[in-house]
Every structure is written in structure tokens, then in C-alpha cells.
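Enquirer: Residue numbers (my numbering): -3 to 450.
Each residue gets a CB set at the ideal place from its N, CA and C atoms; glycine is no exception.
All figures in this text were calculated on a predicted structure; none of them were measured in a lab.
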């Protein structure tokens, strides 16, 4: 049996169930990554994500070449590329790790077509702690509140132990053609705006493991207290590695438990990521519409009216130092501290009254860790139209947030030292009242749309 392993957002060799299954086949394996931006539900990648993907694929290519089984690169709709490679190499089995967004419907269609053609096609759980659809409330429905969801996860069987990389690597006797990674033009060239990303990040599985080791050895003990202060090196910085599957959540979970450190708060953040993926599985389309149906009628300012304010927010020119520092860190480094993300998102949606989807699209394009679940899920949480949302009337005051979490101004001085010289974009008190009045207009409508499980 010759097996094709279809890599997606799981660019690693350890705890890769599909790869582990393929390595058992005596007739070898073909390892394939498909850059698919054509399949329905496959959202085109943002600029920062494309930069990261290039680095992650290059790292995986080096690792697999050392193992003697090259990584094959193809571009196009997976429904066409996979059968082509199957025919080209005499493949008898295709395996992959599951996805839980809209793409899973295309995956199911492909699995069916392969099986009808006599090809064994199988998928595995690889990117979550618990399979979506298995954590349900007493009525058999998805959880709507995070605390209840996380308690249910704690009561469920413990996530399976992570798998080691395969012990043997046998290449298939027939090697398919491969695109050259550089030909995909994933990294910017004219102009090359990614110097700040390269200075901050190293994509790849090895870097992911090192980041986890460093966090558990140096930062975990102070994480619960320090995670809200953006100037402190207190967080794990694992989010882009998890987004690209360079390390699995199961590996993070088990290594954190085994470390003996107090990692309860840290693991609850891993649980929040899990909640986002389970919600996407049940709700779908989260970057397009709010889960709270009342917000379909929310009186956002028109794109024409708010265009200048949106650009000022994107460029970190609002006149509110914490927001400006975060937005400039985002542009320079492809990342923003989570506390500052909340403040910046609240400012856009509630003080500027700009549709949360405009902010979600900007983060999708500029964050190295933006994924299909967490990015829209977190934007909906801040905007008030998602699950487990803070009440809409809870509005982050960027000045108060700065006094509490950057009291000595170290974060602001690093990223936006001139922000106080910029005229304030909006009056905080007046804009807060305007947002509350807007919410009053829709508060009588039914709160949630019926989504159910797919």
C-alpha cells in the first residue's frame, strides 16, 4: 500500500496522526501540501499569514528531506490536485488530519469520491484537544458559555497522548513533480514590508518546541499575574505555531501538565482556542455574520462615513496611546498582545462604531496567528455579537486600560512614543453614549440565530 499524506494546517512531524498511519505502510508514502485558495470555504490568506506559511513550509521541507521523503508542493483546488497525484504515483490510500471550518464539507466530498474510485481515504483528529461535536450539554446541544464548556472538557476523557515522529520513513517508489516554493511568491518583495516579522519570529516545528520549552521553564510561573501586561515577557507566543500546526494542542497540554508548573490559567487559554473551534464547527461563517442575530440590524456607521477613522485606526493614529501602540506593533511584528487586542477592538467597534468585520479583516491580513476560528470568534466576543460575550455596554476605556496595564508607559514608549501628539480621534464619553444608544435600538430583537450542529 502506498499512502499519500495531505498536509494542511499541521506542518509538523510529531503528533501527526495521518503521518503516523502512513509511515506504517511498507510501500512508502508521498507527502503533499496543497496551496488551495479555490475550494469553497477556503478563505484566501492574509499577507502576514502568507509570510509565515513560506517559512513554515521551508522548515518542513528541510526536515522531511533529512528524513528521505520530500515534501511535494502543488497549487490549486484540492479536489483536482489530490486525484492527479493519486494517479501519478499509483496511490492506494490518502490520509489527512481533519479541519472544522467550511472546508470540511469539501473534505467529505473528496473522501467520498476517492472511495468510489477504490482509494482508501481516512481522516484523523489532529488539531484540537477534543473532537467538535463530542462536547455537548445535557440537551445534546453546543455550549454557549465558556466556563461550562471548559468544565465539560475537564470531565471528558483526557486528550490522547501526543505521538512521536515516525520511526521509519519510506519514500514512495514513484515521486510526483513539485512546485518550487519560491515560485508561489508568498513573501513580499516590492516592497518587502516583512523585516519586522523576520526579526520577531522563526516559523517551524523546531521553533515551536523551543517556544514551549522556554515558556514552561522561564515564564509559566508568572503567567497568571503577568499575562495582562503587554510590556512584560510573560506569554508563550505559541499562537502562530498553533495556528499553523507546527505544534499540536495535545502536545502543549501534556507537556504543560508534565512540567509541574502552575499552568491552569495558561491551559484555560488553550481551552478558549478550543471553544472557538467548536463554535465554528457548529455555527459556521463566523467572519461573515454575528452569532447574535440582533446585530444584523445594528446601526454601524457607513463605510463612506467612517473610512478616514478606519485608516487612522489601522495606522495607529487615533491619539489614544495604548490603541496606537498595539496597531503599530501589529503592523511591524504581525502580532499584538491580547490585552491590547481587546482594547483596540473595543475602540473600533464601540467608540468609532465601525463594523467589527472591518477590524476582523484587518487582523486577518496583518496577524501571523489569525485562524479561521479564533480571529472572528474573538472579534465577535469584543463586539458583543458572539458567544459568551461581555455585555455590549462593557466598553474598554483605552486610557483606563493603559493606566492599569502599562502604568509606566514602557509598552507605549516602545511602539507609539508620539501618540500623545496626535489629536484624539473621538471623545470617549460621547462615543460611549452613542454606542449604548445604538445598542438600545436593537436590544428588543431575539438574541441568537438558530445555528445548530452541521
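Return the chain-ordered list of same chain residues with a C-beta closer than 6 Å to the C-beta of residue 50, the five sequence neighbours on each side being excluded.
Expert: 182, 183
Enquirer: Beta-carbon within less than 7 Å of residue 6's beta-carbon, same chain only, minus the 5 sequence neighbours each way: which residues are those?
Expert: 12, 93, 122, 123, 241
Enquirer: Below 6 Å CB to CB, which residues in the same chain sit around residue 138 once its five sequence neighbours on both sides are set aside?
Expert: 278
Enquirer: Compare the C-alpha of residue 110 against each of 151, 96, 88, 130 and name the closest.
Expert: 88
Enquirer: When burial is assigned at 16 or more other CB atoms within 10 Å of the CB, is residue 259 buried or exposed?
Expert: buried
Enquirer: Are three or more beta carbon pairs between the stretch 59 to 78 and the stretch 12 to 27 nearer than 8 Å?
Expert: yes
Enquirer: Between residue 164 and residue 201, what straight-line distance do the alpha-carbon atoms span, to the nearest angstrom?
Expert: Between residue 164 and residue 201, the C-alpha separation is close to 19 Å.
Enquirer: Report yes if the C-beta distance between residue 224 and residue 335 is below 7 Å; otherwise report no.
Expert: yes
Enquirer: Who are the Cβ neighbours of residue 185 in its own chain at under 6 Å, not counting the five residues just before and after it?
Expert: none
Enquirer: Please determine, among 328, 33, 289, the residue with the shortest C-alpha to C-alpha distance to residue 197.
Expert: 328
Enquirer: Using three-state DSSP, classify residue 445 as helix, strand or coil.
Expert: Because residue 445 carries a pLDDT of 48, less than 50, the predicted location of this residue cannot be relied on, and the following value inherits that uncertainty. In the structure shown, residue 445 sits in coil (DSSP, three-state: anything other than H, G, I, E or B).
Enquirer: Which runs of the alpha helix (DSSP H) at least 4 residues long sit entirely within the stretch 348 to 404? Give them in chain order.
Expert: 352 to 362, 370 to 379, 394 to 401
Enquirer: Flag this pair as yes or no: are the beta carbons of residue 340 and residue 322 separated by less than 7 Å?
Expert: Yes, they are a contact pair.
Enquirer: Taking all protein chains shown into account, decide if residue -3 is buried (16 or more other Cβ within 10 angstroms of its Cβ) or exposed.
Expert: By the C-beta density criterion, residue -3 is exposed, having fewer than 16 other C-beta atoms within 10 angstroms.
Enquirer: Quick check on DSSP: helix, strand or coil for residue 334?
Expert: helix
Enquirer: For the 8 Å Cβ check, are there 3 or more pairs between the stretch 391 to 400 and the stretch 424 to 439?
Expert: Touching, yes, given that three or more Cβ pairs across the two stretches are closer than 8 Å.
Enquirer: Leaving out five residues on either side along the sequence, give the residues of the same chain with a beta carbon under 7 Å from the beta carbon of residue 350.
Expert: 296, 297, 302, 305, 306, 344
Enquirer: I need the boundaries of the alpha helix (DSSP H) containing residue 2, first residue and last residue.
Expert: Annotation: residue 2 is outside any alpha helix (DSSP H); the continuous beta strand (DSSP E) that includes it extends over -1 to 3.
Enquirer: Could you tell me which of 83, 62, 161, 199 sits nearest to residue 46, measuring between CA atoms?
Expert: 199
Enquirer: Taking just the CA atoms, how far does residue 108 sit from residue 62?
Expert: 34 Å
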